[in-house]
Amino acid sequence: MKRLTYISKFSRRLTEQDIENIGLVSARNNRPNNITGVLLCLAGIFFQILEGDEDKIDEVYEKILKDDRHIEILCLKLEADIEERLFPDWSMKTINLDYNNDLLISPIKNLLQNVTESHRIIEKYTQPTIFKIISQGLNPLEIPARKVEKIVLFSDIVSFSTFADKLPVEQVVSLVSHYLTVCSKIITERGGEVTKFIGDCVMAYFDGDNADAAIEASLDILTELRVLRNVALDGSIIRVLHAGIGLAKGTVIEGNIGSTVKKDYTILGDAVNIASRLEALTRNLSHSLAFSSEVKNSTEEMWDFVRLGTAQPKGKAEAIELYSVDSAIARKPNDGVQLANYISEYLDAITLE
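Numbering-wise (the working numbering), the sequence shown opens with residue 527 and increments by one.
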């Protein structure tokens, strides 16, 4: 048998009668399938434990994932090969803690609220791949490393050290947070995975057959930054928020990397190093986006490519062909030195006001 424990949020307000009806329908549906368990409701949160035959539990959980009364569903624990039930007599016992003021229940309510809050906080610090694995009831530490083809994206803020030197800490943190939010949202919407933030730098990846999406995400980021610069008020540091982006494709190792104290679920390989190097090179290139020939040759859409030259990354015997997209968004209005000087002078001017 299998036992599954999950939490979720109400997608809309549910009355006491609504919750009672959910319990009655669940019990009626579970009885023929020999599923038992308990459903706790508290402050707009469902806590449910389901136990029964593996295929039946999988079917029920699949329905729950599609039920529009739930949002932010998270599997807390998945136990396989259990021999005894915790709730053999309950097809689905429903307990609405919002309407139970028993003193003995109060500590349970407090505990459940704290568990929910803790998991939501942890979710903000956990990359989507890991959270997806946890949500499936699996242990990320038990997922073996593997070799896969990925397109790696690196992007960071142009002249970030100048921002950090000239601005108060609060403004620097606000700028970086704003930038990382823009990048993360766009990368995720285009099907990519943000694997880590390194200071002001975003490291992300796309599946190896998703070169077009990686380029589109890059151009979307540059477009959004241009829009933000254009609508920002005079004196706003957003007026000089620019970025460089590097893309590279190759075989990487994906898995748990780290020590016994801390691990990251991340990727390692030449493509990671090359993408980072290409991003840095954009400071001296005519375009804010640079990618390798492997990325170019993996595209399916009709892009207007432009060759930017070659680069010799450390540890590579052969030079790498550099490309970009011939578009106004990817082209830089100034060369790297001019842009860096402009940013520095602008920040000096607004900090003197």
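All C-beta atoms, glycine included, are put in the ideal place defined by N, C-alpha and C. As the structure is a computational prediction, the values presented were derived from the model and not from experiment.
Quick check on the DSSP output: the beta strand (DSSP E) that includes residue i runs from which residue to which?
| i | result |
| --- | --- |
| S710 | Per DSSP, S710 belongs to no beta strand (DSSP E); it is in the alpha helix (DSSP H), 695-715. |
| S744 | That residue, S744, is in no beta strand (DSSP E); its alpha helix (DSSP H) goes 737-757. |
| L565 | 562-568 |
| I683 | 672-683 |
Mapping DSSP to helix, strand and coil, what is residue i?
| i | result |
| --- | --- |
| T688 | helix |
| R539 | coil |
| L664 | coil |
| R857 | strand |
| S552 | helix |
| L623 | helix |
| E643 | helix |
| D733 | strand |
| E609 | coil |
| L767 | coil |
| R595 | coil |
| I724 | strand |
| I659 | helix |
| I545 | helix |
| I669 | coil |
Under the assumption that residue i contacts residue j (Cβ atoms under 8 Å), give the Cβ distance between them as a whole number of angstroms.
| i | j | result |
| --- | --- | --- |
| D796 | G772 | At roughly 13 Å, the Cβ-Cβ gap does not stay under 8 Å, so D796 and G772 are not in contact. |
| S534 | I597 | 7 Å |
| M618 | G578 | Not quite, the Cβ-Cβ distance comes to about 11 Å (not below 8 Å), so this is no contact. |
| F686 | R595 | Not quite, the Cβ-Cβ distance comes to about 45 Å (not below 8 Å), so this is no contact. |
| T688 | L865 | Contact flag wrong, Cβ pair sits at about 11 Å. |
| D830 | D861 | That belief does not hold up - the Cβ atoms of D830 and D861 are roughly 22 Å apart, past 8 Å. |
| T825 | A737 | 5 Å |
| Y532 | L638 | That pair is no contact at about 13 Å. |
| D726 | V702 | 5 Å |
| L604 | L530 | 5 Å |
| I583 | L576 | 5 Å |
| L749 | I855 | What sits at residue 749 in the sequence shown is Thr, not Leu. Going by Cβ atoms, the distance from T749 to I855 rounds to 5 Å, so yes, they are a contact pair. |
| V778 | V674 | 6 Å |
| I793 | K676 | 6 Å |
| S812 | L834 | 7 Å |
For residue i, count neighbouring C-beta atoms within 10 Å of its own C-beta (all shown protein chains included) and say buried if the count is 16 or more, exposed if not.
| i | result |
| --- | --- |
| L667 | exposed |
| L766 | Note that residue 766 is Val in the sequence shown, not Leu. Burial call: buried. |
| S802 | buried |
| Q543 | exposed |
| E719 | buried |
| Y731 | buried |
| S785 | exposed |
| Q838 | exposed |
| V699 | exposed |
| R716 | buried |
| R554 | exposed |
| A845 | exposed |
| Y625 | exposed |
| V728 | buried |
| R557 | exposed |
| T541 | exposed |
| D682 | buried |
| L612 | exposed |
Starting from residue i, trace the alpha helix (DSSP H) in both directions and tell me its first and last residue.
| i | result |
| --- | --- |
| D874 | 862-878 |
| Y587 | 580-592 |
- Query: Fully enclosed by the region 771-852, which beta strand (DSSP E) runs are 3 residues long or longer?
  - Reply: 789-794, 815-818, 831-837, 846-851
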